[in-house]
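Top line first, the protein sequences correspond to chains V and E.
Taking our numbering, the leading residue of the first sequence gets 1, the next gets one more, and so forth.
Taking our numbering, the leading residue of the second sequence gets 1001, the next gets one more, and so forth.
Structure first, then comments.
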Amino acid sequence: DGGITQSPKYLFRKEGQNVTLSCEQNLNHDAMYWYRQDPGQGLRLIYYSQIVNDFQKGDIAEGYSVSREKKESFPLTVTSAQKNPTAFYLCASSKDSGGRGGRETQYFGPGTRLLVL
Amino acid sequence: SQQGEEDPQALSIQEGENATMNCSYKTSINNLQWYRQNSGRGLVHLILIRSNEREKHSGRLRVTLDTSKKSSSLLITASRAADTASYFCATVLSSGSARQLTFGSGTQLTVLP
C-alpha cells in the first residue's frame, strides 16, 4: 500500500514546547515538501528537500526546522519560536529530483492538525 | 500576494449542473495544476496543463489555459454531490526553483443533491 503517511493526525503543543510532525513516503520519491494551511486559505511552503541531506527554505520557514536523513522521511519540527503555530500541516512528495526540467505533480499526505493548549 | 487566485471563492450548484472555476496568476509559468481537497484531508492532484497547451481533458474535467491573459479555468461537467470539495490551482514558475508550487486560496464547491 504505497503513499505518504503523516502522524499524528492531531497534535497539541504547550507554550514554549517544540513538537515534531512525522512524514514518511514509500513512493521512492526524491523531493519532499512541507506546507502550512490556515482556515480558508491556500497552502504556503515551509521547507522542501530535493535530495537526502539537503533542504531549502520556503516562503515561511521562520520558527520551523527540518531534516532529511533518509529518502523516505522528512520530519518537521515546530519550534517555540513559531508564535502562531495553529494550522493544518501537509507533507507532499514528488518523483523528480534535480535540475530545472522536472515539474512533476505532488502527492500529499492526509495532514496533521496542530493546536496550541 | 499569492501567485494564483481563484474565482469565485465559493460556488453552490445543483447536482447535474456544470461548475466552472477560474484561476489568475501574475508571472510566467511552466505549468499550472489543479488540486482537490476534501474537508480536513490532503490534496489530490487532478490535472496538469503545460504553458504550451491550451486545453486538456480528464474524464468530467476540462481545463483551459490562456497564457496571454494569465488565466486558467476548470470545468466540472455533470457535477455530483461527491464533487463537493475545495479546488486549488497551483503554478510552477518558468524561472526559479523547479520544485515550488504556488497555491491560490481555493474555490469551495458545494454540489447540492
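Glycine included, C-beta positions come from ideal geometry on N, C-alpha and C.
Supposed close pair residue i, residue j - CB separation, criterion 8 Å
| i | j | result |
| --- | --- | --- |
| V:LEU117 | V:LYS9 | The pair is not a contact, with the Cβ atoms about 17 Å apart (cut-off 8 Å). |
| E:ALA1081 | E:GLY1004 | Not really, about 27 Å apart at Cβ, beyond 8 Å. |
| V:GLY109 | E:PHE1103 | So it is not a contact: roughly 16 Å between Cβ atoms. |
| V:GLU72 | V:GLN25 | 6 Å |
| V:GLY40 | V:TYR47 | V:GLY40 to V:TYR47, Cβ: 23 Å. No contact. |
Helix, strand or coil at residue i [DSSP, three-state]
| i | result |
| --- | --- |
| E:ALA1082 | helix |
| V:LYS14 | coil |
| E:ARG1054 | coil |
| V:THR5 | strand |
| E:ALA1010 | strand |
| E:PHE1103 | strand |
| V:GLY99 | No answer about V:GLY99 holds up, because its pLDDT of 46 lies below 50 and its placement is not dependable. |
| V:THR79 | coil |
| E:ARG1060 | coil |
| E:GLY1004 | strand |
| V:THR20 | strand |
| V:GLU104 | coil |
Residue j beta carbon less than 8 Å from that of residue i
| i | j | result |
| --- | --- | --- |
| E:LEU1109 | E:THR1084 | yes |
| V:THR105 | E:GLN1033 | yes |
| V:HIS29 | V:LYS70 | no |
| E:PHE1088 | E:LEU1048 | no |
| V:CYS91 | V:GLN6 | yes |
| E:GLU1006 | E:SER1079 | no |
| E:ILE1013 | E:VAL1092 | no |
| V:PHE74 | V:CYS23 | yes |
| E:ASN1030 | E:SER1073 | no |
| E:SER1071 | E:SER1028 | no |
| V:TYR35 | V:LEU27 | no |
| E:LEU1046 | E:ARG1062 | no |
| V:THR77 | V:THR20 | yes |
| V:SER65 | V:THR86 | no |
| E:THR1067 | E:SER1051 | yes |
| V:VAL68 | V:SER49 | It should be noted that the sequence gives Arg, not Val, for residue 68 of chain V. It is a contact, given that the beta carbons lie within the stated cut-off. |
Residue range of the unbroken beta strand (DSSP E) whose run includes residue i
| i | result |
| --- | --- |
| E:ASN1022 | 1019-1025 |
| E:GLN1108 | 1107-1112 |
| E:GLN1033 | 1029-1037 |
| E:SER1094 | Taken as a continuous stretch (DSSP letters only), E:SER1094 belongs to no beta strand (DSSP E), as it is neither H nor E. |
| V:ALA87 | 87-94 |
| V:ARG113 | 112-116 |
| E:SER1071 | 1071-1076 |
Residue i CB to nearest heavy atom of the ligand NAD below 7 Å
| i | result |
| --- | --- |
| E:SER1058 | What this structure holds is no ligand at all, so the ligand NAD is not there to describe. |
Write down every uninterrupted run of the alpha helix (DSSP H) in the segment 23-77 of chain V whose length is 4 residues or greater and which is fully enclosed by it, in chain order.
Complete alpha helix (DSSP H) runs here, min 4: none at all.
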